[in-house]
Structures are given as structure tokens and as C-alpha cells.
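Enquirer:
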Amino acid sequence: MDRKEVINLLSKKLNGDLKISYDHLAVLTNYSKRQLIRLSKSLNEKGIDSTLKHGNKGLAAHNRASNDEIDFIVNFKKLYTNITIAQFRDIYLEDIIFNPSRKEDVSKYNLKPRSISFFQRLYKEYKWTSPVKHRSHKRDSPLHLLREKSPRAGMLVQIDGTPFDWFGNGQLFTLHMAVDDATNDILAGWFTKNECMYGYCKMMELLIKKKGIPLAIYSDKHTIFKSPEG
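Residue numbers are given in our numbering: position 127 of the sequence shown equals residue 125, and the series is strictly consecutive.
1. Can you confirm whether the segment 193 to 203 touches the segment 22 to 38 when touching is taken to mean that 3 or more C-beta pairs between the two stretches lie within less than 8 Å?
2. Three-state secondary structure (DSSP) at Tyr107?
3. Would you say Ile68 and Tyr90 are within 8 Å of each other, going by their C-beta atoms?
4. Below 8 Å, can you find three or more Cβ-Cβ pairs linking the segment 199 to 217 to the segment 170 to 182?
5. Where does Gly197 fall in DSSP's three states?
6. Excluding the five sequence neighbours on either side, which residues of its own chain have a C-beta within less than 6 Å of the C-beta of Leu16, listed in chain order?
7. Apart from the five residues on each side of it in sequence, which residues of its chain come closer than 8 Å, Cβ to Cβ, to Ala214?
8. Given Asn65, which residues of its chain have a CB within under 6 Å of its CB, disregarding the five upstream and five downstream residues?
9. So is His132 buried or exposed if we call it buried at 16+ other beta carbons inside 10 Å?
10. How would you call Thr79, buried or exposed, if buried means at least 16 neighbouring beta carbons within 10 angstroms?
11. Which residue wins for smallest C-alpha separation from Phe165, given the options Lys191, Asp183, Ala151, Ser148?
12. Can you check which of these residues, Thr172, Phe171, Ala151, is closest to Lys209 by C-alpha distance?
13. By Cβ distance, which residues of its chain are closer than 7 Å to Ile46, with the 5 residues on each side in sequence left out?
14. Please state if the CB of Glu3 and the CB of Ile184 are separated by a distance shorter than 8 Å.
15. Kindly indicate which three-state DSSP category Asp179 falls into: helix, strand or coil?
16. Are the CB atoms of Tyr20 and Leu34 within a distance shorter than 8 Å?
17. Give me, in chain order, the residues of the same chain whose beta-carbon lies closer than 6 Å to that of Gln118; leave out the 5 immediate sequence neighbours on both sides.
18. Who are the near neighbours of Asn13 in its chain, counting only those whose CB is closer than 7 Å to its CB and skipping five residues on each side?
19. In the structure shown, what three-state DSSP assignment does Ile215 receive?
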């Protein structure tokens, strides 16, 4: 998770939009509890703009991906040549990060649960394509293009649920999050035991109360958003 996302998470915590402790945030962000408290103090005293400009002192090295981690992800991506960013991240988290049989690799290569924006940057840097199906005049004829980011904040909100041992007790909980597609700002979050419609509804309730209704919402994978009748 990059610094801007961390600061936005802390801002949501301070505003009461995200109910989460500093210990749990430390697990989520890969920052230390002390660093998060220091950033929160800066947010209270200086505001978000000043903190975004000057809040990276002594923090970048803690969260920056190592060459070993990047190389591991690049090699893992070779197994999935035609897959969306969100799908690849989900597979990586499930098959590698949260897979008990891969603990040795996670430790050896210092692998971490990374945000969707982290994988977006990798896709851009390594020129990986993300397939998106568009309707055409010919039935069942998909056109694969890389989806462009929205030009302005508030136009499109990405929603996703990420299972992880957020509370450090050996149990998986899912964090349902809403992220602005244009800015990568974290807009709202809600925890439940499993990824479910209730979690998304509560997250959306927080989002609408604070930000209003977005023009569009994008979800990449879950069957709970699809009609069983197709």
C-alpha cells in the first residue's frame, strides 16, 4: 500500500468512517504502529495536504517492494498471460500470500499483501494488458482493451473485498473497500467474516453518507453481483 493510500486510510479512521485499530492498520498497510500514530498526529495538526507532501520522511523504505518481491511477482504473472488486474491480485493473494504451503516463499522473498494500485503500477510498468470484454455487433465477439482510468474523481468507484488475518488472531476477515478509480483514494471500508452483500451494503452506506452517490461502480469478480439466471 503506498503512502497516499495509508494517509487516506488514517483520515477515514480519524473521521470515523473506518472502524479499525492502529494494530490492525499496521497489518493492513505494512507500516509500524509508531509510524501510523506519527502520521495521524500530522493529519490532526497540519491537514491531509501538508501530510501528503511531507509525511514520507522515514517511511518509504518500510513499505517499498524489494527487487526479490517484484521478481517473484513478475515470474508468477507468467502463469497468467490474459487476466485482469483484480483477478491477478486475487489469485496472487489466495495462492501465495494466504496459502499456508507457500509460507517459505513469503518469508524468503519478503512478500506482502499489496493493494490494487500496486498491481496497477506493475501492469503499466511491465506493459501487461488487462482484458475487458466489450459488446460488438457480432454476438460473443469480445474486444480486449486496457481500461483507462477515469478522468475525474467521483466518476467511478471500484469496490472489492480482501480476505486477510487483519486482526492478527489467525482468523480471516474480509475488508470491503471502495476506492476512487481516478485518484486511488480509499473512500470507505467495512469488515465481515466473509465477502458478502451485507458487507458491501454497509460499506456503500458509509460511502454515500460521506461522499454521495458515485456516477458508476465497478466490481471485477464476485458472483454475488450477478443474477443466477445470467
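The C-beta atom is built at its ideal place from N, Cα and C for all residues, glycine as well.
Expert: Walking through what the data contain:
1. no
2. Taking the first residue of the sequence shown as position 1, residue 107 is located at position 109. Coil at Tyr107, not helix or strand.
3. Start at 1 with the first residue of the sequence shown, and residue 68 comes out as number 70. Start at 1 with the first residue of the sequence shown, and residue 90 comes out as number 92. Against a cut-off of 8 Å, the Cβ pair of Tyr90 and Ile68 comes out as no contact.
4. yes
5. By one-based count along the sequence shown, residue 197 stands at place 199. In this structure, Gly197 counts as helix in the three-state DSSP scheme.
6. As a first step, residue 16 must be located in the sequence shown, where it is residue number 18. Answer for Leu16: Lys10, Gly187, listed in chain order.
7. If you number the sequence shown from 1, residue 214 lands on position 216. Closer than 8 Å at Cβ, skipping near neighbours: Met153, Leu154, Val155.
8. For the purposes of this step, residue 65 is identified with residue 67 of the sequence shown, where counting begins at 1. Nothing listed; no residue qualifies.
9. Start at 1 with the first residue of the sequence shown, and residue 132 comes out as number 134. Low local confidence applies: a pLDDT of 42 at His132 is under 50, so the model's placement there is unreliable, and no value is given.
10. Taking the first residue of the sequence shown as 1, we reach residue 79 at position 81. Thr79 is exposed by the Cβ-count criterion.
11. Sequence index remark: in the sequence shown, residue 165 carries index 167 (1-based). Taking only the C-alpha atoms, the option nearest Phe165 is Lys191.
12. Your numbering for residue 209 matches position 211 in the sequence shown. Nearest option by C-alpha distance: Ala151.
13. Here residue 46 refers to the residue found at position 48 when the sequence shown is read from its first residue. Result list for Ile46: Ile5, Ser9, in chain order.
14. Taking the first residue of the sequence shown as 1, we reach residue 184 at position 186. Taking the first residue of the sequence shown as 1, we reach residue 3 at position 5. In contact: Ile184 and Glu3 (Cβ atoms closer than 8 Å).
15. As a first step, residue 179 is located in the sequence shown; it is residue number 181 there, counting from the start. In this structure, Asp179 counts as coil in the three-state DSSP scheme.
16. Residue mapping note: residue 34 aligns to position 36 of the sequence shown, counting from 1. Residue mapping note: residue 20 aligns to position 22 of the sequence shown, counting from 1. Contact flag set, yes.
17. Walking along the sequence shown from the start, residue 118 turns up at place 120. Ile83, listed in sequence order.
18. Within the sequence shown, the letter at position 15 stands for residue 13. Hits under 7 Å: none found.
19. As a position in the sequence shown, residue 215 is number 217, starting the count at 1. Three-state DSSP puts Ile215 in a strand.
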